[in-house]
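Following: one structure in structure tokens, then a few remarks.
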Amino acid sequence: MTATGTGTGPGPAAGTGIRLAAPAPGWSIAADVVVVGSGVAGLTAALRCAAAGRRTAVVTKARLDDGSTRWAQGGIAAALGDGDTPEQHLADTLVAGAGLCDETAVRTLVTEGPDAVHRLIGTGARFDTAPGSDEIALTREGGHHRRRIAHAGGDATGAEISRALVEAVRAAGLRTIENALVLDLLTDAEGRTAGVTLHVMGEGQHDGVGAVHAPAVVLATGGMGQVFSATTNPAVSTGDGVALALRAGAEVSDLEFVQFHPTVLYLGPEAEGQQPLISEAVRGEGAHLVDADGTRFMVGRHELAELAPRDIVAKEIMRRAHEQGVEHMYLDGRHFGAQMWETRFPTILAACRSHGIDPVTEPIPVAPAAHYASGGVRTDLRGRTTVPGLYACGEVACTGVHGANRLASNSLLEGLVFAERIAADIAATPAPQAAANGADGAPADGARPAPEPALSAPRTALPLLAPETRTAVQRIMTAGAGVLRNAESLARAAAELDRLHREATVAAGPTDGGEPAGAAATGSAGFADRKAPEPGVEAWEATNLLCVARVLVAAAQRRAETRGCHWREDHPDRDDVSWRRHFRITLDADRALTLHTTETAEFPPTATP
Numbered sequence: 036m037t038a039t040g041t042g043t044g045p046g047p048a049a050g051t052g053i054r055l056a057a058p059a060p061g062w063s064i065a066a067d068v069v070v071v072g073s074g075v076a077g078l079t080a081a082l083r084c085a086a087a088g089r090r091t092a093v094v095t096k097a098r099l100d101d102g103s104t105r106w107a108q109g110g111i112a113a114a115l116g117d118g119d120t121p122e123q124h125l126a127d128t129l130v131a132g133a134g135l136c137d138e139t140a141v142r143t144l145v146t147e148g149p150d151a152v153h154r155l156i157g158t159g160a161r162f163d164t165a166p167g168s169d170e171i172a173l174t175r176e177g178g179h180h181r182r183r184i185a186h187a188g189g190d191a192t193g194a195e196i197s198r199a200l201v202e203a204v205r206a207a208g209l210r211t212i213e214n215a216l217v218l219d220l221l222t223d224a225e226g227r228t229a230g231v232t233l234h235v236m237g238e239g240q241h242d243g244v245g246a247v248h249a250p251a252v253v254l255a256t257g258g259m260g261q262v263f264s265a266t267t268n269p270a271v272s273t274g275d276g277v278a279l280a281l282r283a284g285a286e287v288s289d290l291e292f293v294q295f296h297p298t299v300l301y302l303g304p305e306a307e308g309q310q311p312l313i314s315e316a317v318r319g320e321g322a323h324l325v326d327a328d329g330t331r332f333m334v335g336r337h338e339l340a341e342l343a344p345r346d347i348v349a350k351e352i353m354r355r356a357h358e359q360g361v362e363h364m365y366l367d368g369r370h371f372g373a374q375m376w377e378t379r380f381p382t383i384l385a386a387c388r389s390h391g392i393d394p395v396t397e398p399i400p401v402a403p404a405a406h407y408a409s410g411g412v413r414t415d416l417r418g419r420t421t422v423p424g425l426y427a428c429g430e431v432a433c434t435g436v437h438g439a440n441r442l443a444s445n446s447l448l449e450g451l452v453f454a455e456r457i458a459a460d461i462a463a464t465p466a467p468q469a470a471a472n473g474a475d476g477a478p479a480d481g482a483r484p485a486p487e488p489a490l491s492a493p494r495t496a497l498p499l500l501a502p503e504t505r506t507a508v509q510r511i512m513t514a515g516a517g518v519l520r521n522a523e524s525l526a527r528a529a530a531e532l533d534r535l536h537r538e539a540t541v542a543a544g545p546t547d548g549g550e551p552a553g554a555a556a557t558g559s560a561g562f563a564d565r566k567a568p569e570p571g572v573e574a575w576e577a578t579n580l581l582c583v584a585r586v587l588v589a590a591a592q593r594r595a596e597t598r599g600c601h602w603r604e605d606h607p608d609r610d611d612v613s614w615r616r617h618f619r620i621t622l623d624a625d626r627a628l629t630l631h632t633t634e635t636a637e638f639p640p641t642a643t644p
């Protein structure tokens, strides 16, 4: 059940009392800051915190260079070229965001962005330069009226940024815990952040469940693309950060605005998991979207044709496909010639050829796939959430920059700018006693390690989903809450997700009162023979995916309009009078969702001290 409301809604989070079912931590370390995630946002925050003298630990789900950043092809947007200005970048971002951007947040992004890019270059990132020049080569992507996209390795920008930041982290000697899935936020008796619990997957310095005690936690866990069957996101993008924040009592916003990248290599109707992205930069360099007859169907649909904002291009691809009774369109870049494909887009060329398609001689079959979460954990301009001591940046966060639809290549810039702002906020607070310890958690120069915080009371374990439920969640979401949505499809998705939720609740067994949690309200018929899965990575991921899926569907049901990348077939028009506002969603102690609507398009303060 989802409660709804209007107005200012709840104040600072008091916590839900809910955690994932997991063994008690068998080991712990202490730090001043723990950063969860190793993409551009996480590593930038970690480097800046460490440079400010804060003992910083980085926790990442795979290896340091295995996050979403390394998959970014197109580049990073900033007003770096002659004639371009932050004001122009601001204007393009606000148009793409379809009336729901926080203009102050966008202004912060575009004005601080160019210097942040130059600091990234100072860290060691090498961007492509114009022939015979030291000037950064710039290209265009959808929604941009200027060439302002810096790229590296042709179409390997993310990989280069990741390489530079990982090398910098290793050179700085930061403590890193790899192959570790973050589980839950630790809080002290006053409800302030006190660290995280995590599970190391048998390949790190520690094994099993442990804890990092720290008064500041930075979530930079990336997105939740794996909630859909087909996505450009890596397998690790299972919404862990958003789910953790919800269990901790934090607010999330704008999750209904999932950007479906319009040009993803079409591998057939049964394709699942991570799909090869065909970067928007290919269209920026002049490739055309065509149907099977070779007709450029975007011409006349938008002033920028193939370079219209992504939501518009995705919708037009779907419309044309439905009109013609087919599953995909084509991206035609044959006029580029072999040399341009090999030098400007080597990664995309190799991916296509590995699937039997040669862009040099034939058009590329493309269709939309889940790509980017424009919403996430709600933050202020310093990355602070509604839980004291908990920060968020990158795709996991909702800073207000993206509104209803992210402008192409603003994501890497957002990670840079707001990670630096988080580090500055942490550096401005008094250093905790634990800063006397060395980088590895051991006492430095004979200093005694800071004691572990007095933690809040034990919390209720959240029933886990069976690992195989992950596929069920993905198929439910793809069918009911994908590119095309309507009241019927969303109601069906909500009911099916609720059924999975009830199954897990009943299988978890009796509560302290002796009755299966939720049984009185939902009944347990048909579920009694199911056994609760053992705690483990696959069960935790499936449970996190169900959590974020329920939030997404609840918000999509509520938003009875089409705006940005939220496309309601039954409400095809944008309605600024009723819906130019945000939802603030929290998880209650009984695992129900509460949805509050802001009175305007402005977010209220996070009210974090």
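Position in the sequence shown (from 1) plus 35 gives the number in the working numbering.
Backbone N, C-alpha and C define an ideal beta-carbon position, used for all residues, glycine too.
Report all residues from its chain with a CB closer than 8 Å to the CB of residue i; omit the five preceding and five following residues, and keep chain order.
i      : result
Val518 : Phe295, Ala349, Lys350, Met353, Pro403, Trp602
Gly118 : Arg181
Lys566 : Ala542
Gly372 : Val395
Ala470 : Low local confidence applies: a pLDDT of 39 at Ala470 is under 50, so the model's placement there is unreliable, with the coordinate-based value given in what follows. The answer, listed in chain order, is Asp67, Gly88, Arg89, Arg90.
Val588 : Met512, Gly515, Ala516, Leu525, Ala528, Ala529, Leu532
Arg520 : Ala591, His601, Trp602, Arg603, Glu604
Go ahead and label residue i buried or exposed: buried means 16 or more other beta carbons lie within 10 angstroms of its beta carbon, across all protein chains shown.
i      : result
Trp376 : buried
Gly561 : At Gly561, the pLDDT of 45 sits below 50, so the modelled position is not reliable and the matter cannot be decided from this model.
Thr164 : exposed
Ser524 : buried
Val612 : exposed
Ser264 : buried
Gln374 : exposed
Gln309 : buried
Gln359 : exposed
Ser389 : exposed
His357 : exposed
Val334 : exposed
His606 : buried
Ala526 : exposed
Thr139 : exposed
Thr232 : buried
Pro648 : There is no way to answer for residue 648, as the model of the chain reaches only from 36 to 644.
Could you pull out every residue in the same chain whose Cβ sits closer than 7 Å to the Cβ of residue i, ignoring the five residues on either side in sequence?
i      : result
Gly230 : Val69, Leu221, Ala246, Val247, His248, Ala249, Val252
Asp480 : With a pLDDT of 33 at Asp480, under the threshold of 50, the modelled position of that residue is not reliable, and the figure given next carries that caveat. Around Asp480: no qualifying Cβ.
Arg417 : Arg456, Ile457, Asp460
Thr273 : Met259, Gln261, Glu576, Asn579, Leu580
Pro502 : Pro568, Glu573, Ala574, Ala577
Pro121 : Ala114, Val145, Thr146
Taking residue i as the reference, give the member of the options with the closest Cα.
i      : options                        : result
Thr382 : Val130, Ile313, Arg161         : Ile313
Arg423 : Ala285, Ala526, His390, Leu499 : One point to set straight first is that residue 423 is Pro, not Arg, in the sequence displayed. Looking at the Cα atoms, Ala285 is the closest of the given residues.
Asp393 : Glu305, Leu300, Arg336         : Leu300
Leu1   : Leu218, Arg282, Asp150         : It is not possible to answer for residue 1, since the shown part of the chain is limited to 36 through 644.
Trp62  : Val130, Phe618, Gly243, Gly132 : Gly243
Leu339 : Ala76, Arg505, Gly319          : Gly319
His617 : Glu634, Pro607, His606         : Glu634
Val586 : Tyr407, Val412, Leu500         : Val412
Leu500 : Ala327, His536, Ala522         : His536
Leu135 : Leu447, Thr434, Val583, Thr232 : Thr434
His437 : Gly321, Pro166, Ala65, Gly178  : Gly178
Gly368 : Ala443, Cys387, Ala126         : Cys387
Ser444 : Ala86, His406, His234          : His406
Using a Cβ-Cβ cut-off of 6 Å (strictly less than) and excluding sequence neighbours within five positions of residue i, which residues of its own chain qualify?
i      : result
Phe292 : Ser409, Gly410, Ala439, Gly599, Cys600, His601
Ile347 : His337
Leu665 : Because the chain here runs from 36 to 644, residue 665 falls outside it and cannot be looked at.
Cys84  : Val68, Thr91, Ala458, Ile461
Asp100 : Ser197, Val201
Ala556 : Its pLDDT being 37, under 50, Ala556 is placed unreliably by the model, and the measurement read from it follows with that caveat. Correct list: empty, nothing qualifies.
Ala645 : The chain is shown only over 36 to 644; residue 645 falls outside these bounds and no answer can be derived.
Arg227 : Pro423, Gly424
Thr513 : Phe263, Ser264
Ala194 : Arg105
Ala590 : Leu290, Glu291, Phe618
What are the uninterrupted segments assigned as beta strand (DSSP E) that are 3 or more residues long and contained completely in the region 343 to 409, given in chain order? 364 to 367, 399 to 408
Extract the residue ranges of the alpha helix (DSSP H) inside the region 257 to 307, only unbroken runs of 4 or more that lie entirely within it. 275 to 282
Quick one: which unbroken alpha helix (DSSP H) runs of 4-plus residues sit fully inside the region 114 to 170? Chain order, please. With a minimum length of 4 residues, the continuous alpha helix (DSSP H) runs that stay inside the region 114 to 170 are 121 to 131, 138 to 158.
Enumerated in chain order, which unbroken segments of the alpha helix (DSSP H) with a length of 4 residues or greater are wholly contained in the region 183 to 258? 192 to 207
At least 3 beta-carbon pairs within less than 8 Å: the region 311 to 329 vs the region 100 to 113: yes
Where are the alpha helix (DSSP H) runs, 4 residues long or more, that stay fully inside the region 564 to 619, in chain order? 572 to 593, 611 to 614
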